[in-house]
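Chains as they are written, first to last, in the numbering used here: chain A, 2 to 184; chain B, 2 to 212.
The C-beta atom is built at its ideal place from N, Cα and C for all residues, glycine as well.
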Amino acid sequence: MSVYETELHALIVRSIDGDDAAYRQFLERLSALFRAFFRRKLALQGTAHAEDLVQETLLAIHLHRKSYDPNRQITSWVYAIARYKLIDHLRKTPASREFVPVDAIADLFSEEAADGADPGLDIERLLTHLPAKQSTAIRLVKLEQLTAKEAASRMGVSEADVKISIHRGLQKLMALVAKEETP
Amino acid sequence: MKTDQLVNALARDTGAQPRGLVERRIVIAAAIGVAASVLLVPLLFGFRSDMEHSILPVMLKAGFGLAAALTAAPLLFELARPNTRVRHLLPPALLFAAASVAIATVAFLTATPEGRMYAWLGGGVPECLYRIPLLALPIAITLVFAVRGLGATRPTLAGAAIGGVSGSLAAIAYASCCPMDSALYVASWYLAAILFCAAVGGIMLGRALKW
Numbered sequence: 002m003s004v005y006e007t008e009l010h011a012l013i014v015r016s017i018d019g020d021d022a023a024y025r026q027f028l029e030r031l032s033a034l035f036r037a038f039f040r041r042k043l044a045l046q047g048t049a050h051a052e053d054l055v056q057e058t059l060l061a062i063h064l065h066r067k068s069y070d071p072n073r074q075i076t077s078w079v080y081a082i083a084r085y086k087l088i089d090h091l092r093k094t095p096a097s098r099e100f101v102p103v104d105a106i107a108d109l110f111s112e113e114a115a116d117g118a119d120p121g122l123d124i125e126r127l128l129t130h131l132p133a134k135q136s137t138a139i140r141l142v143k144l145e146q147l148t149a150k151e152a153a154s155r156m157g158v159s160e161a162d163v164k165i166s167i168h169r170g171l172q173k174l175m176a177l178v179a180k181e182e183t184p
Numbered sequence: 002m003k004t005d006q007l008v009n010a011l012a013r014d015t016g017a018q019p020r021g022l023v024e025r026r027i028v029i030a031a032a033i034g035v036a037a038s039v040l041l042v043p044l045l046f047g048f049r050s051d052m053e054h055s056i057l058p059v060m061l062k063a064g065f066g067l068a069a070a071l072t073a074a075p076l077l078f079e080l081a082r083p084n085t086r087v088r089h090l091l092p093p094a095l096l097f098a099a100a101s102v103a104i105a106t107v108a109f110l111t112a113t114p115e116g117r118m119y120a121w122l123g124g125g126v127p128e129c130l131y132r133i134p135l136l137a138l139p140i141a142i143t144l145v146f147a148v149r150g151l152g153a154t155r156p157t158l159a160g161a162a163i164g165g166v167s168g169s170l171a172a173i174a175y176a177s178c179c180p181m182d183s184a185l186y187v188a189s190w191y192l193a194a195i196l197f198c199a200a201v202g203g204i205m206l207g208r209a210l211k212w
């Protein structure tokens with residue numbers, strides 16, 4: 002069993018039990034792994050979309066984490082999602098026969114975090130396409146660090162309502178990101 | 002938005018996750034679907050008239066559907082989620098189909114020549130070929146709702162598994178109105194109807210399961 006498996010599995014088990022810090026660490030480890038993964042896989046097409054795919058995959062993992070069974074390998078589970086996203090992306094992108102420019106060759110070997118920035122599209126901007134309730138809920142809880150309860154009282158709705166709005170909003174966001182990627 | 006911002010956002014205030022959700026959701030959805038399908042039987046076809054004398058054959062036919070559902074269910078549990086490995090789960094389902102074909106063949110060969118065609122076809126086109134898929138519909142619908150959002154990475158196969166499971170469960174409901182008791186009839190047409198459901202499921206439901 003790989004060293005990643007042991008580490009990631011420990012983290013996801015703790016986060017399933019409600020440990021947010023472990024979950025954050027889990028996602029951080031994953032973003033580094035996925036960055037390397039997508040850059041390798043997209044080497045021939047150009048790695049412009051790699052960071053978008055990293056974010057899309059993280060979002061998909063977040064939304065599907067309820068179907069993860071701790072008795073199974075976590076690495077194969079997360080890579081199955083990453084591969085699904087990759088294939089989806091390749092299917093939407095017209096095949097390109099470009100070679101890897103010599104200058105970009107270093108990208109092929111990017112293994113670690115370093116440059117996690119600059120995705121081609123901006124989730125902040127995509128938020129404006131969501132219904133007001135969903136985008137407000139996501140903004141308050143996910144970006145402004147309020148708890149669901151605080152957000153609920155500020156928005157004048159129930160806490161459950163806030164949570165549902167966040168969930169629906171994130172799902173819609175994922176669809177938007179996928180659509181945006183289509184050239 | 003930068004990736005670490007996204008990570009921070011996602012990791013905030015998430016709370017504990019339930020366990021065993023995939024199985025639970027599928028079983029609950031199947032139960033609701035079967036209930037709807039059982040209710041449809043008297044509305045669409047009516048229970049068989051000689052019910053009190055034919056408890057045993059009805060139970061046997063329901064058992065056929067149940068056995069099919071039990072061999073197909075593990076496939077659905079697996080295909081409903083990302084990262085599926087189904088090869089080791091296929092033998093029970095294939096064995097069941099092969100046994101069913103074997104039973105049909107033996108029954109066909111051992112039937113008396115004059116009764117053979119009636120035992121096989123029940124006089125005309127076997128009704129279960131369209132009645133079982135019809136009864137499978139509510140089950141397939143509830144199952145799609147259950148499986149959506151679980152992140153199936155092989156949507157077409159997952160759709161076929163939904164079709165197979167709902168066809169098998171529909172056979173249980175259909176047993177209460179099916180007037181044909183010959184093993185030849187059940188082993189050939191029930192199986193054909195279930196396989197038909199699986200094929201349609203793969204073609205039609207795969208799209209609904211994409212994400």
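At which residues does the alpha helix (DSSP H) containing residue i begin and terminate?
i               : result
M118 of chain B : P114 to L122
E24 of chain B  : L22 to L45
L67 of chain B  : I56 to L80
L9 of chain A   : V4 to I17
V107 of chain B : L91 to T111
L45 of chain A  : Careful: L45 of chain A lies outside any alpha helix (DSSP H) and carries neither H nor E.
N9 of chain B   : T4 to L11
K134 of chain A : A133 to I139
K93 of chain A  : I75 to K93
E53 of chain B  : Per DSSP, E53 of chain B belongs to no alpha helix (DSSP H) and is neither H nor E.
V201 of chain B : L192 to A209
Return yes when the C-beta of residue i is under 8 angstroms from any heavy atom of the ligand GTP, and no when it is not.
i              : result
R30 of chain A : Because no ligand of any kind appears in the structure shown, any question about the ligand GTP cannot be addressed here.
Roughly how many angstroms lie between the CA atoms of residue i and residue j, to the nearest whole one?
i               : j               : result
C178 of chain B : G19 of chain A  : 50 angstroms
D21 of chain A  : A172 of chain B : 46 angstroms
A246 of chain B : Y175 of chain B : What the structure shows of chain B is the stretch from 2 to 212, and residue 246 of chain B is not part of that stretch, so it cannot be assessed.
P180 of chain B : L192 of chain B : 17 angstroms
K134 of chain A : V163 of chain A : 8 angstroms
A137 of chain B : S167 of chain B : 5 angstroms
P92 of chain B  : E160 of chain A : 47 angstroms
R117 of chain B : W190 of chain B : 15 angstroms
A199 of chain B : F78 of chain B  : 15 angstroms
Among the options, which one has its Cα closest to the Cα of residue i?
i               : options                           : result
G203 of chain B : B:G152, B:A172, B:L151 and B:V145 : B:V145
G150 of chain B : B:T15, B:Q18 and B:V23            : B:V23
L45 of chain A  : A:Y5, A:L91, A:A61 and A:R25      : A:L91
P75 of chain B  : B:I27, B:A120 and B:A103          : B:I27
A179 of chain A : B:K211, B:R82 and B:A70           : B:K211
R66 of chain A  : A:V158, A:R140 and A:S16          : A:S16
Helix, strand or coil for residue i? Go by DSSP, reduced to three states.
i               : result
G165 of chain B : helix
D162 of chain A : helix
P139 of chain B : helix
Y24 of chain A  : helix
C129 of chain B : helix
R30 of chain A  : helix
Y175 of chain B : helix
Throw me the rounded Cβ distance for the residue i and residue j pair, which I believe falls under 8 angstroms.
i               : j               : result
L122 of chain B : A194 of chain B : Not confirmed; about 14 angstroms, so no contact.
T137 of chain A : M156 of chain A : 6 angstroms
A153 of chain B : L80 of chain B  : 6 angstroms
V39 of chain B  : F48 of chain B  : No, V39 of chain B and F48 of chain B are not in contact; Cβ-Cβ is about 10 angstroms, not under 8 angstroms.
L206 of chain B : I163 of chain B : 5 angstroms
Who are the neighbours of residue i on chain C, taking C-beta pairs under 8 angstroms?
i              : result
P43 of chain B : Going by chain labels, chain C is absent from the structure shown, which instead holds the protein chains A and B.
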